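Engineer: Numbering of the sequence shown is given in the working numbering, commencing with residue 196 and proceeding in unit increments.
Pasting a structure here, questions to come.
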Amino acid sequence: MDLKDAASADELRLAILQSLQELKNGEPEPGALDTMLCKSLDVTEGDLKTVLKWLRNRKLVGVVGERNVITDAGAAYLAEHQSAAKV
């Protein structure tokens, strides 16, 4: 996946938010998201960390302890983009 391509970066952002939303209480343990998404989306850990930093800077993902969790703003962002994709 090439993060210089805006569509790829957006796809990864939405995949991260979707995964965190499905996990409800965030990652079961620190780093679980990295392992899960790197395999399923064929992305490097560095790319994943870059996108997670983007999401955290925009308050779409928060950190509780060392675990990533989706914020209310992140859930709204995800819902907005999912509904736009259905149109």
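All C-beta atoms, glycine included, are put in the ideal place defined by N, C-alpha and C.
Since the structure is predicted, the reported quantities are computational estimates derived from the model, not experimental observations.
1) Look up residue 263 in the DSSP assignment and say whether it is helix, strand or coil.
2) Could you tell me which uninterrupted alpha helix (DSSP H) segments, each at least 4 residues in length, are contained entirely in the stretch 214-244, listed from first to last along the chain?
3) Flag this pair as yes or no: are the beta carbons of residue 252 and residue 215 separated by less than 8 Å?
4) With 16 as the cutoff for other CB atoms within 10 Å, does residue 256 come out buried or exposed?
5) Distance, Cα to Cα, residue 206 vs residue 243?
Structural biologist: With the structure as the only source:
1) strand
2) Listed in chain order, they are 227-236.
3) no
4) buried
5) 12 Å
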